[in-house]
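Working notes, beginning with the structure itself.
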Amino acid sequence: MSASPKITESPVEKVDLPNKVFVGNLPFKTTDEELREQFELIGPVAEARVIRRGKRSLGYGFVAFVSASSVDACVKGAKVELDGRTINVEAARPMSETEKAPAKRRPRRARKAKVEEAEAAPKAEAKADAKVEAKADKADAKADAKAEAKPEAAARKPRVRAKKPEDGPASETVAYVGNLPFATTDAELSALFAGFSIASARIVTNKKSSRSKGYGFVTFASHGDQTNAIAKFSAEPLVVADRPLNIKAALSESPVDSADAKTVA
Numbered sequence: 000m001s002a003s004p005k006i007t008e009s010p011v012e013k014v015d016l017p018n019k020v021f022v023g024n025l026p027f028k029t030t031d032e033e034l035r036e037q038f039e040l041i042g043p044v045a046e047a048r049v050i051r052r053g054k055r056s057l058g059y060g061f062v063a064f065v066s067a068s069s070v071d072a073c074v075k076g077a078k079v080e081l082d083g084r085t086i087n088v089e090a091a092r093p094m095s096e097t098e099k100a101p102a103k104r105r106p107r108r109a110r111k112a113k114v115e116e117a118e119a120a121p122k123a124e125a126k127a128d129a130k131v132e133a134k135a136d137k138a139d140a141k142a143d144a145k146a147e148a149k150p151e152a153a154a155r156k157p158r159v160r161a162k163k164p165e166d167g168p169a170s171e172t173v174a175y176v177g178n179l180p181f182a183t184t185d186a187e188l189s190a191l192f193a194g195f196s197i198a199s200a201r202i203v204t205n206k207k208s209s210r211s212k213g214y215g216f217v218t219f220a221s222h223g224d225q226t227n228a229i230a231k232f233s234a235e236p237l238v239v240a241d242r243p244l245n246i247k248a249a250l251s252e253s254p255v256d257s258a259d260a261k262t263v264a
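If you're matching positions, the sequence shown starts at 0 in numbering that gives the first Met the number 0 and goes up one per residue.
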């Protein structure tokens with residue numbers, strides 16, 4: 000320790016301890032213990048602390064003496080050197096109310112999240128509006144298409160099935176038997192014509208459900224048997240289960256395979 004240091008205005012005191020001096024221009028490798036040892040040459044030291052940010056020294060610190068006289072001796076006394084560097088020594092001054100702990104800043108992440116949330120809100124609202132509008136447009140388009148399709152549907156004419164030709168010679172051996180009970184079987188149809196010579200008797204059924212269509216065909220052994228049976232049952236109608244049967248000459252020699260039976264009017 001040699002010449003007297005220059006006296007300047009006291010810097011703001013960082014820690015509320017009495018009899019403190021500010022020491023600047025410290026070598027970055029200076030430790031708290033080395034700082035204490037250097038200033039204990041002036042007077043008893045209560046605390047010596049190098050200010051750091053993390054583990055890195057900021058190049059200044061504070062020394063708190065036990066008595067005020069040590070502060071005066073330090074500030075007005077000889078120049079302090081440490082590792083070849085002249086140390087700036089100033090009387091520390093208390094921190095004013097306006098200089099005390101600055102208002103805590105919101106963490107950057109929280110601020111960023113707040114900004115992102117504020118920016119996202121209008122986007123989300125716009126997206127929701129666009130979705131509602133798209134849904135409404137889709138419903139309108141569907142309704143318009145339906146409305147346009149109605150006149151076209153109304154203009155369509157009902158499909159008319161082509162009638163099969165009914166002209167042609169009547170069969171000389173096959174008779175059409177209509178208005179049969181749906182439960183009638185081939186054997187029961189054949190039994191109705193037991194007084195005549197017949198080759199076959201068939202009930203016409205639906206190809207998909209196999210249910211009776213309520214009519215059938217009887218094939219006689221000869222034209223005479225056919226005409227005699229038709230004449231007899233025309234004069235004396237045949238009734239089965241309270242249903243009078245309709246018996247006529249068929250328009251085909253093999254009508255039992257046809258879904259649409261034809262008879263002579």
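Where is the CB? At the ideal position from N, CA and C, for every residue including glycine.
In DSSP terms, what Ser-56 is bridged to: Here residue 56 is taken as the residue at index 57 of the sequence shown, counted from 1. Arg-51, per the DSSP bridge assignment.
Alpha carbon of Thr-204 to alpha carbon of Val-239, nearest angstrom: If you number the sequence shown from 1, residue 204 lands on position 205. If you number the sequence shown from 1, residue 239 lands on position 240. The alpha-carbon atoms of Thr-204 and Val-239 are separated by roughly 19 Å.
Asn-227 versus Glu-171, Thr-183, Pro-180, residue with shortest Cα-Cα distance: Indexing the sequence shown from 1 puts residue 227 at position 228. Looking from the CA of Asn-227, the closest CA among Glu-171, Thr-183, Pro-180 belongs to Glu-171.
Rounded distance between the beta-carbons of Leu-191 and Gly-213, thought under 8 Å: Numbered from 1 along the sequence shown, position 214 holds the residue referred to as residue 213. Numbered from 1 along the sequence shown, position 192 holds the residue referred to as residue 191. So it is not a contact: roughly 15 Å between Cβ atoms.
Bridge-paired residues (DSSP) for Pro-168: For this step, residue 168 is matched to residue 169 along the sequence shown. As DSSP reads the structure, Pro-168 sits in no beta bridge.
Straight-line Cα distance separating Ile-41 from Val-74: Numbered from 1 along the sequence shown, position 75 holds the residue referred to as residue 74. Numbered from 1 along the sequence shown, position 42 holds the residue referred to as residue 41. Taking C-alpha positions only, Val-74 is separated from Ile-41 by approximately 10 Å.
When Ala-133, Phe-181, Phe-61 are compared against Asn-24, the one with the closest alpha-carbon: For the purposes of this step, residue 24 is identified with residue 25 of the sequence shown, where counting begins at 1. Per the Cα distances, Phe-61.
Beta bridge counterpart(s) of Asn-87 as assigned by DSSP: Along the sequence shown, read from residue 1 onward, the residue named residue 87 stands at position 88. Bridge partners of Asn-87: Gly-23.
Collapsed DSSP secondary structure at Gly-213 in the structure displayed: Sequence index remark: in the sequence shown, residue 213 carries index 214 (1-based). Residue state, collapsed to three classes: strand.
Host alpha helix (DSSP H) of Val-312 (start-end): With the chain covering 0 to 264 only, the question about residue 312 has no answer from this structure.
Bridge partners - Glu-46, DSSP secondary structure assignment: For the purposes of this step, residue 46 is taken as residue 47 along the sequence shown, with counting starting at 1. DSSP lists Ala-63 as partners of Glu-46.
CB of Arg-210 within 7 Å of CB of Asp-185, strictly: Walking along the sequence shown from the start, residue 210 turns up at place 211. Walking along the sequence shown from the start, residue 185 turns up at place 186. Result no, Cβ atoms of Arg-210 and Asp-185 do not sit closer than 7 Å.
Cross-strand partners of Lys-247 (DSSP beta bridge): Locating residue 247 in the sequence shown gives position 248, where the first residue counts as 1. DSSP links Lys-247 through a beta bridge to Tyr-175.
Other residues of its chain near Leu-188: CB distance less than 8 Å, five sequence neighbours each side excluded: By one-based count along the sequence shown, residue 188 stands at place 189. Apart from sequence neighbours up to five positions away, the residues of its chain that approach Leu-188 with a beta-carbon distance below 8 Å are Val-176, Leu-179, Ala-200, Arg-201, Ile-202, Gly-215, Val-217, ordered along the chain.
Buried/exposed call for Phe-181, threshold 16 Cβ in 10 Å: In the sequence shown, residue 181 corresponds to position 182, counting from 1. Looking at its Cβ environment, which holds fewer than 16 other Cβ atoms inside 10 Å, Phe-181 is exposed.
Nearest-angstrom Cα separation, counted from Lys-113 out to Ala-67: Counted from its first residue, the sequence shown places residue 67 at position 68. Counted from its first residue, the sequence shown places residue 113 at position 114. Each residue's CA atom was taken as its position, placing Ala-67 and Lys-113 some 51 Å apart.
Collapsed DSSP secondary structure at Ile-197 in the structure displayed: For this step, residue 197 is matched to residue 198 along the sequence shown. Correct three-state label for Ile-197: strand.
Collapsed DSSP secondary structure at Ile-268 in the structure displayed: Since the first and last residues shown for the chain are 0 and 264, residue 268 lies out of range.
Neighbour-count burial assignment, Val-20, 16 or more Cβ in a 10 Å radius: The residue you call residue 20 lines up with position 21 of the sequence shown. Buried.
Three-state secondary structure (DSSP) of Phe-38: The residue you call residue 38 lines up with position 39 of the sequence shown. Here Phe-38 sits in helix by DSSP.
Check whether Asp-31 and Arg-48 have beta carbons under 7 Å apart: Translated into positions along the sequence shown, residue 31 becomes position 32. Translated into positions along the sequence shown, residue 48 becomes position 49. Yes, Cβ-Cβ distance for Asp-31 and Arg-48 is below 7 Å.
Distance, Lys-122 Cα to Ala-142 Cα: What you label residue 142 is simply residue 143 of the sequence shown in a count that begins at 1. What you label residue 122 is simply residue 123 of the sequence shown in a count that begins at 1. Cα to Cα, Ala-142 sits roughly 30 Å from Lys-122.
Straight-line gap, Ile-86 to Glu-116 (C-alpha atoms, nearest Å): By one-based count along the sequence shown, residue 86 stands at place 87. By one-based count along the sequence shown, residue 116 stands at place 117. Using only the alpha carbons, I get a separation of about 51 Å.
Proximal residues to Pro-243 (C-beta, below 6 Å), its chain only, five neighbours per side dropped: One-based indexing of the sequence shown puts residue 243 at position 244. So the qualifying residues of the chain are Pro-236.
Three-state secondary structure assigned by DSSP to Phe-232: Taking the first residue of the sequence shown as position 1, residue 232 is located at position 233. When DSSP states are grouped into helix, strand and coil, Phe-232 belongs to the helix group.
Where Arg-108 sits in the DSSP three-state scheme: Within the sequence shown, the letter at position 109 stands for residue 108. In the three-state scheme derived from DSSP, where H, G and I count as helix and E and B as strand, Arg-108 is classed as helix.
Proximity below 7 Å, CB of Ser-56 to CB of Phe-38: Your numbering for residue 56 matches position 57 in the sequence shown. Your numbering for residue 38 matches position 39 in the sequence shown. Result no, Cβ atoms of Ser-56 and Phe-38 do not sit closer than 7 Å.
C-beta contact flag for Ala-45 and Val-65 at 7 Å: For the purposes of this step, residue 45 is identified with residue 46 of the sequence shown, where counting begins at 1. For the purposes of this step, residue 65 is identified with residue 66 of the sequence shown, where counting begins at 1. Yes, these two residues count as a Cβ contact at 7 Å.
Leu-188 - DSSP class collapsed to helix/strand/coil: Locating residue 188 in the sequence shown gives position 189, counting from the first residue. In the structure shown, Leu-188 sits in a helix (DSSP, three-state: H, G or I).
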